[in-house]
Amino acid sequence: MQLDPYIFFYGRTAEALEFYKKALGGEYELSRVSESPMSSQFPPDAQNRVMHSTFKGPGFSFMASDGREDKAIGDDGAINLALTTSDAAEGQRVFKALSDGGKVSMPLNEVPWGGSFGMLVDRFGLEWMVSIR
């Protein structure tokens, strides 16, 4: 059994994938509504929407889509993505990159249980917990 996060970016998926590629490294593939055999079932203004995408980075992956309609992306999400690394420089780089355009809720600092830990909400409303051990 495997659990894969599927994230809806409501009209901003292509932008989000480029952001995560730059911040985290990795690659993605995407298909637009216009490329689908089901494209005739969508209105003309939806043809450029991302129907489905996969993102694969070092040690993680997720799937994403624009969804069928636009919704506001806020910072009231119910899921935190936990990213752990043993490389301090890489952990600091990723934390800073993910923070760009977002909001740090807990700065990346040393913690009593060892290593460093920080939390942030990125520009797409995803909540991240970054651990360096």
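For any residue, its number in the numbering used here is found by taking its place in the sequence shown, counting from 1, and adding 10. All C-beta atoms in this analysis are idealised placements derived from N, C-alpha and C, irrespective of residue type, glycine included.
Under 7 Å Cβ to Cβ from Ser-44, same chain only, skipping five residues before and after it: list those, please.
Gln-57 and Asn-58
Taking the alpha-carbon of Gly-6 as reference, which of Gly-77, Met-73, Val-131 and Gly-69 has the nearest alpha-carbon?
Residue 6 is absent from the model: the chain starts at 11 and stops at 143.
Apart from the five residues on each side of it in sequence, which residues of its chain come closer than 7 Å, Cβ to Cβ, to Thr-94?
Ser-141 and Arg-143
Drop a sphere of 10 angstroms on the beta-carbon of Ile-89, count the other beta-carbons inside from all chains shown, and report buried for 16 or more, exposed for fewer.
exposed
Cβ atoms of Gly-101 and Met-116: under 8 Å apart, would you say?
no
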